[in-house]
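A.B. asks: In the working numbering, the protein residues as written are 3 to 454.
C-beta atoms are modelled at their ideal positions from N, C-alpha and C, and glycine is treated no differently.
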């Protein structure tokens, strides 16, 4: 005679952190003449990293929910290996597919038990469900064993193995809820995938504005997030993420296109009052000097070098646009093509300027920026001002401390003294002698690297 598990009753509904302990209540379900007990341990919560934390920590999933599935493999010496999927209906775990069976006089073993929402059993192997993509959900392996009297199964995730981390990407729920975002990752090993891959995901934020990626991000992994035409964030990892730890990336942007200057100033102050230091604004392509004045005023109460600012949608930083904004630590300008005269003059604490579409730069744009360490530019075709002169773009800025990133299509720039401008020649910069010694526009840099 064999026992067939048709239903599994949920034994634990109170979920706590994986490192905690709690009493486990047992329930029974009758199948034929036999009482079968299954004890399911608590759902294992992720550990939380404070790295780039965004506002109030969001733990993500912390408890079993309706629709969750468990995938079990059971081996019987007599009946062989069986595979089954059980689905939680909000109260009970019900057999969704397959079967688990064994003879009454033997003790079966459970080589594997998984919580892996993207996967299903197929011919004894876990394969991706149709429409699912690796890296967009959990892949946790727990343990299962028969009880001493042979009447039930203990399922535990207390020592669940996660050889991956979680990245929470936080967007603005008012702007993005129900609308997909595009997430491009490079050098990323999705959960259950050993090798690094490059992936483009289309993900829909939840009610809180979050989307999640599960996998390993390593040194120089990159993540780019776009909402429609807008680039919300470009991030590069400088150290490997840790297994079982959750990280957060800010893609929360404020749509300021239809705001007045005063409203923009006030919304920045509100963000700062809420403890936020990573400010993202979506602006009109042509943004007036008044808007930049409002941005500067809004940031004026912040500590020196404390703000990471993103200005999305605008295509130009006007003359003196961010002059002497000491609060800036970094700035991301995904759509800007031109930096006018003195755009960042005397931003004493700015360390990073990321402007991947810039093609034109005018005098003193980066002058008197002693903390500047990283500059990312597009394919330059016009730069105004002789190197090391008082109208040079890096005047009174120590370029031998700067890592410069140029697009791979960049040409060597030659100086036209008649017009006091640098213009592209026909030679590819990456093939030039200047590239190998770290020189560009007459300046010596700590390094010059290419991006594509």
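(1) Would you check if there are 3 or more beta carbon pairs closer than 8 Å linking the segment 314–334 to the segment 279–288?
(2) If you draw a straight line from the C-alpha of residue 251 to the C-alpha of residue 238, how long is it?
(3) Skipping 5 residues on each side, what residues in its chain have a beta carbon closer than 6 Å to that of residue 180?
(4) Short check: CB of residue 210 to CB of residue 60, under 8 Å?
(5) Hey, would you say residue 167 sits closer than 8 Å to residue 243, going by beta carbons?
(6) What three-state label does DSSP hand residue 226 in the structure shown?
(7) Just to confirm, are residue 298 and residue 327 a CB contact at a threshold of 8 Å?
(8) Where does residue 395 sit, in a helix, a strand or coil, going by DSSP?
(9) So what does DSSP say about residue 165, is it helix, strand or coil?
(10) Pop quiz: residue 174 and residue 254 are said to be a contact at Cβ under 8 Å. What is the actual Cβ separation, rounded to whole angstroms?
(11) Who are the Cβ neighbours of residue 368 in its own chain at under 6 Å, not counting the five residues just before and after it?
(12) For residue 364, count neighbouring C-beta atoms within 10 Å of its own C-beta (all shown protein chains included) and say buried if the count is 16 or more, exposed if not.
(13) Near residue 98, which residues of its chain fall below 7 Å by C-beta distance, leaving aside the five closest residues on each side in sequence?
(14) What span of residues does the beta strand (DSSP E) with residue 205 cover, start to end?
(15) Enumerated in chain order, which unbroken segments of the alpha helix (DSSP H) with a length of 4 residues or greater are wholly contained in the segment 108–178?
(16) Which residues does DSSP pair with residue 452 in a beta bridge?
(17) With DSSP as the reference, identify every bridge partner of residue 283, one or two as the case may be.
(18) Identify which residue in 407, 105, 124 and 415 has its Cα closest to the Cα of residue 75.
(19) Ignore the nearest five residues each way along the sequence and tell me which others in residue 403's own chain have a CB closer than 8 Å to its CB.
(20) What first and last residue would you give for the alpha helix (DSSP H) that runs through residue 275?
C.D. replies: Quick answer:
(1) These segments touch.
(2) Here residue 251 is taken as the residue at index 249 of the chain shown, counted from 1. Here residue 238 is taken as the residue at index 236 of the chain shown, counted from 1. Take the alpha-carbon of residue 251 and the one of residue 238: they are about 11 Å apart.
(3) Here residue 180 refers to the residue found at position 178 when the chain shown is read from its first residue. If we look at residue 180 and ignore the five residues flanking it on each side, it has no Cβ neighbours.
(4) Taking the first residue of the chain shown as position 1, residue 210 is located at position 208. Taking the first residue of the chain shown as position 1, residue 60 is located at position 58. Yes.
(5) Sequence index remark: in the chain shown, residue 167 carries index 165 (1-based). Sequence index remark: in the chain shown, residue 243 carries index 241 (1-based). Yes, they are a contact pair.
(6) In the chain shown, the residue the question calls residue 226 occupies position 224. It is a strand residue.
(7) As a working mapping, residue 298 is identified with position 296 in the chain shown. As a working mapping, residue 327 is identified with position 325 in the chain shown. The answer is yes: Cβ separation under 8 Å.
(8) Position 393 of the chain shown holds residue 395. Secondary structure of residue 395 (DSSP, three-state): coil.
(9) What you label residue 165 is simply residue 163 of the chain shown in a count that begins at 1. Here DSSP, grouped into helix, strand and coil, assigns residue 165 to coil.
(10) Taking the first residue of the chain shown as position 1, residue 174 is located at position 172. Taking the first residue of the chain shown as position 1, residue 254 is located at position 252. The distance from the Cβ of residue 174 to that of residue 254 is about 5 Å, consistent with a contact at the 8 Å cut-off.
(11) The residue you call residue 368 lines up with position 366 of the chain shown. Here the set comprises 346, 395, 396 and 399.
(12) Within the chain shown, residue 364 is the residue found at index 362, counting from 1. With 16 or more other Cβ atoms inside 10 Å of its own Cβ, residue 364 counts as buried.
(13) Looking up residue 98 in the chain shown gives position 96. Only 71, 87, 88 and 89 meet the Cβ criterion.
(14) Residue 205 sits at position 203 when you count from the first residue of the chain shown. Element bounds for residue 205: 199–205.
(15) Runs of alpha helix (DSSP H) with 4 or more residues, each lying fully within the segment 108–178, are found at 175–178, listed in chain order.
(16) Counted from its first residue, the chain shown places residue 452 at position 450. The partner list for residue 452 (beta bridge, DSSP) reads 408.
(17) Position 281 of the chain shown holds residue 283. Partner residues in the beta bridge of residue 283, as assigned by DSSP, are 256 and 313.
(18) As a first step, residue 75 is located in the chain shown; it is residue number 73 there, counting from the start. Measuring C-alpha to C-alpha distances from residue 75 to each of 407, 105, 124 and 415 identifies 124 as the nearest.
(19) Sequence index remark: in the chain shown, residue 403 carries index 401 (1-based). Around residue 403: 374, 375 and 448.
(20) Counted from its first residue, the chain shown places residue 275 at position 273. First-last of the alpha helix (DSSP H) with residue 275: 263–275.
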